[in-house]
Structure formats: C-alpha cells, structure tokens
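Under my numbering, residues 2 to 346 are what the sequence shown spells out, in order. Scroll down for the structure; my scribbles are underneath it.
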Amino acid sequence: MILVVDDDATVRMSLGLLLKRAGYTVTAVATPGEALDVVRGESPEVIIMDMNYSSTTTGEDGLTLLRQVKIFRPEVPVILITAWGSIELAVEGMKRGAFDFITKPWDNRLLLSRVETGISLARDAAVPRPGHCGDENRFEQYGIIGRSPALLKVLETVERVAPTDASVLITGENGTGKELVAKAIHDLSRRSSSPLVKVNLGGISQSLFESEMFGHARGAFTGAAADRKGRFEMADGGTIFLDEIGDLDFSCQVKLLRVLQEHTFEVLGDSRPRRVDIRVVSATNADLPAMVREKRFREDLLYRINLITLHLPALRERREDIPLLVAHFAALSTMSSFPLRRWSC
Ligand SMILES: Nc1ncnc2c1ncn2[C@@H]1O[C@H](COP(=O)(O)OP(=O)(O)OP(=O)(O)O)[C@@H](O)[C@H]1O
Ligand SMILES: [Mg+2]
2 MILVVDDDAT VRMSLGLLLK RAGYTVTAVA TPGEALDVVR GESPEVIIMD
52 MNYSSTTTGE DGLTLLRQVK IFRPEVPVIL ITAWGSIELA VEGMKRGAFD
102 FITKPWDNRL LLSRVETGIS LARDAAVPRP GHCGDENRFE QYGIIGRSPA
152 LLKVLETVER VAPTDASVLI TGENGTGKEL VAKAIHDLSR RSSSPLVKVN
202 LGGISQSLFE SEMFGHARGA FTGAAADRKG RFEMADGGTI FLDEIGDLDF
252 SCQVKLLRVL QEHTFEVLGD SRPRRVDIRV VSATNADLPA MVREKRFRED
302 LLYRINLITL HLPALRERRE DIPLLVAHFA ALSTMSSFPL RRWSC
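Take a look at the structure:
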C-alpha cells in the first residue's frame, strides 16, 4: 500500500489514479493526523507526503509529520512533495530521513520510478522490527499490568518512541498509569543509566518555579544560604518528567518553553548560561488543546512537548485487565502490606 498525504484533493486524486494504474494499492488522506493513524496501524510500502498543510506555508507541519512517521516506521521510504523553488526545505527533509523529494508539478514517469526505487531499496534493507519480542507480558517488568488490546496499542507506541529523543505527552485520567509509562519510556531509552527527574508542576508556585527548575546561587535572594541545583541540571543527560503540566501557571509556561527550545537556562544569581541535554516527557489529565483554545495554555509550548501523544485508556475501557490487576495486587499485598492507591474506573 502506498500512502499519499496531501490537503489538496486534486493532488490526492491525480496521484491516486497514477499509482493505481501502475498496480499499487493507495490510501490517500488529507491531514497529518490521519496519516499518523494509518502508519500506527500498518506499514505502507512508500509514503508520499506534502510539506504544507492549510495553516502554514513554511513546511514546518511537513517536517513534523516526517519526524513522527519516522518514529513509527523508520524503514518506510518517504518521498516529499515540495512547492517549486523550496529546495532548502527538501534538503532539510532529506537530512531528517526522507528518501527523496519531488517538486510540483511533477513528471509522472519520474515519480513512478522513484516509488519503485524506494520500494526495492527498503526491501533490501528489511530488518526485523526492533524491540518487539511479541511477549504480551514484557511490560510487567516496569510494573505495567494488562493485556487488553487498548493498553497493548499504547505500549507498542511506548516501545517505538522510547529509543528516540522525541518529546512525549502522556494523557489520561487520574490513576491510569501515566507515571508508570513515563518511567518505562526512560528505562527503555538510551538515557536509562542517567537520572529520570520528576517535577510536579501542579505543586510549584509561581515564585518557586525558577529556583526549583533552574536552581540558585548562594545569596541570589534572601534566604538562599547555599547553592542549589535545579531540576533541569539534575536531569542532564537523562529525562525530565513534567507531571501535571496542565496546572503550570501561565506566566511560567514561557520560561519553560525557553529552556525546551534552547536547551539553555540561567541559574538565579548567576548569569552564565548553562546547557543541558534532556529528553522531555510530560503528563496531564487536562485537555490541553481545549486549554489552548481558552488561552490558558500556550500553543507553542504544547507543540514543543507533544511530538507524540500517548493516551492511556481508563480501566473501564479495558475491563478485561481487571482480573490481572487484582491478581497482581493480591500477590503484592501478601508479600507486604502494599498500599492500594486510587483507581480510575
Ligand atoms: N497498568 C497498570 N498496572 C499496574 N499498576 C498500575 C497500572 N496503572 C496504574 N497502576 C498503579 O496505579 C497507581 C496510579 O498510577 P500512576 O501514578 O502511574 O497514575 P497517573 O496516571 O500518573 O495518575 P495521576 O493522574 O493521579 O497522577 C500506581 O500505584 C500505579 O502503580
Ligand atoms: Mg501521575
């Protein structure tokens, strides 16, 4: 199957016709979101995608989609469709793993030969999918119990994104296991031997935010008796887990965004910029896109923290996991007096 992604219906139709006549099966979609749904479920032989989607003309949406697609299907060749004259964008796309690009208007014969080349190269390079041993219980080592299709689907994505440095936003109701999943992402990543530092952004007041996150030098303010390391510095080389990110004060959001964009920050009372290498995993039970519409959450911050979203289903949506969980906790409570926390069901 060849996946065509373009918001222009004429392009979808003409590419669809051309490829079908050449004997391929074609799935054509209009938005990056639909394209991601397709690649999560199955592996196309080739993806042909446009770089610009209604809201932008900078190609930013296309580059983001390319990164997302590469996380789920690193082996699938991607051919970019760029507007005539945007060669820089095409080069950037190639740097980020696209196989080739074509400019509009394209030459049909050239396009078909590129599709063919892509398919045959991918076939030659075919390797077994990494990390998938197929054992449905493999997440138990991270304390995640459950074999329902809804949970396994999320856990498969966890395996896909964990080895990358992509920012992940974990959503779901209280008690659905967001923190467990954040820890699994860290443990399955190349950063696992470095720290996983959790910050509960819901519990941080605006005045404490800077000293907590960036640290302070001795004497930076009254009461700062000694140097204090901030959470970003503690997480250097590892993962920072921004929990309850939907509760972060609006004025602090811009300060957080700056660090995530530039990977540098300043310790209070010390103006030398410090550089950190961190991977960001965030979690919330809030509806962040709705908060963006209500102007309570910054859109640019949401974009930064959310290359991939993982939505954890509530237990009521995966009742078949209940017996497994009961058995798990019963076994734990006979070993110790295990404190049962709240459940979402
Ligand atoms: N699939 C699961 N298997 C085993 N234990 C689970 C699972 N999901 C949740 N739990 C347990 O339920 C409790 C809550 O999980 P966790 O703290 O990860 O949820 P959360 O989504 O972060 O909740 P909150 O929104 O309240 O912070 C923990 O004790 C966790 O170990
Ligand atoms: Mg939590």
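The beta carbon of each residue, even a glycine, is placed where N, CA and C say it ideally should be.
P45 vs L4 beta-carbon contact at 8 Å: Stepping through the sequence shown from its first residue, residue 45 is reached at position 44. Stepping through the sequence shown from its first residue, residue 4 is reached at position 3. Yes, they are a contact pair.
Cα-Cα, which of D322, A91, A183 and I146 is closest to V396? Residue 396 lies beyond the residue range present for the chain, which begins at 2 and ends at 346; the question has no answer from this structure.
So what does DSSP say about K256, is it helix, strand or coil? The residue labelled residue 256 in the question sits at position 255 within the sequence shown. In the structure shown, K256 sits in a helix (DSSP, three-state: H, G or I).
So I364 and L326 are in contact, right, with Cβ under 8 Å, and what is the actual spacing, rounded? Here the chain comprises residues numbered 2 to 346, so residue 364 is not present and cannot be evaluated.
Counting along the chain, where does the alpha helix (DSSP H) carrying T158 start and finish? Along the sequence shown, read from residue 1 onward, the residue named residue 158 stands at position 157. Start and end: P150 to V162.
Between the Cα of N138 and the Cα atoms of L261, T240, H329 and V282, which residue gives the shortest distance? By one-based count along the sequence shown, residue 138 stands at place 137. Nearest C-alpha to N138: H329.
Closest to I49 by CA distance: which of I103, R97 and G24 is it? The sequence position of residue 49 within the sequence shown is 48, counting from 1. Checking every option, the nearest Cα to that of I49 belongs to I103.
Closer than 7 Å: D244 CB and nearest ligand 2 heavy atom: Counting from 1 along the sequence shown, the entry for residue 244 is found at position 243. In this structure, the C-beta of D244 approaches ligand 2 to less than 7 Å from one of its heavy atoms.
Let's test the definition: count the other Cβ atoms within 10 Å of the Cβ of N53 and tell me whether it reaches 16, buried, or not, exposed. For the purposes of this step, residue 53 is taken as residue 52 along the sequence shown, with counting starting at 1. By the 10 Å Cβ count, N53 comes out buried.
Segment limits, beta strand (DSSP E) that includes K199: The residue you call residue 199 lines up with position 198 of the sequence shown. Counting along the chain, the beta strand (DSSP E) containing K199 begins and ends at L197 to N201.
Going by DSSP, what residues sit across from D101 in a beta bridge? As a working mapping, residue 101 is identified with position 100 in the sequence shown. BP columns for D101 point to I80.
Where the beta strand (DSSP E) through P75 begins and ends: For this step, residue 75 is matched to residue 74 along the sequence shown. Where P75 is concerned, there is no enclosing beta strand (DSSP E), given that its DSSP letter is neither H nor E.
Using a Cβ-Cβ cutoff of less than 7 Å, which residues in the same chain neighbour G17 once the five nearest sequence positions on both sides are dropped? For the purposes of this step, residue 17 is taken as the residue at position 16 of the sequence shown. So the qualifying residues of the chain are V5, V27 and A29.
In whole angstroms, what separates the C-alpha of L181 from that of I88? Against the sequence shown, residue 181 aligns to sequence position 180. Against the sequence shown, residue 88 aligns to sequence position 87. When rounded, the distance between both Cα atoms is 43 Å.
Return yes when at least one heavy atom of ligand 1 lies under 7 Å from the C-beta of H217, else no. The residue you call residue 217 lines up with position 216 of the sequence shown. No, the beta carbon of H217 sits no closer than 7 Å to any heavy atom of ligand 1.
Short Cβ contact (8 Å threshold) for F73 with R161: Here residue 73 refers to the residue found at position 72 of the sequence shown. Here residue 161 refers to the residue found at position 160 of the sequence shown. Their beta carbons are under 8 Å apart, which means F73 touches R161 by this criterion.
Is the beta carbon of A218 less than 8 Å from the beta carbon of V268? The count along the sequence shown starts at 1 and reaches residue 218 at position 217. The count along the sequence shown starts at 1 and reaches residue 268 at position 267. Contact flag set, yes.
Comparing C-alpha positions only, which one of R299, A221, H264 and K256 sits nearest to D237? Locating residue 237 in the sequence shown gives position 236, where the first residue counts as 1. The shortest Cα separation from D237 among R299, A221, H264 and K256 belongs to H264.
If the criterion is Cβ atoms closer than 8 Å, does the pair I279 and I241 meet it? Your numbering for residue 279 matches position 278 in the sequence shown. Your numbering for residue 241 matches position 240 in the sequence shown. Yes, the Cβ-Cβ distance between I279 and I241 is below 8 Å.
Under 8 Å between the Cβ atoms of S121 and V281? Residue 121 sits at position 120 when you count from the first residue of the sequence shown. Residue 281 sits at position 280 when you count from the first residue of the sequence shown. No.
Please give the ranges of any alpha helix (DSSP H) in the segment 270–336, keeping only runs that are unbroken, at least 4 residues long and fully inside the region. 289–294, 300–306 and 323–336
K96: CB within 7 Å of a non-hydrogen atom of ligand 1: Walking along the sequence shown from the start, residue 96 turns up at place 95. Checking every heavy atom of ligand 1 against the Cβ of K96, none is found closer than 7 Å.
Measuring only from the beta carbon, is K179 closer than 7 Å to any heavy atom that is part of ligand 2? By 1-based counting over the sequence shown, the position of residue 179 is 178. Yes, since a heavy atom of ligand 2 falls inside the 7 Å radius drawn around the Cβ of K179.
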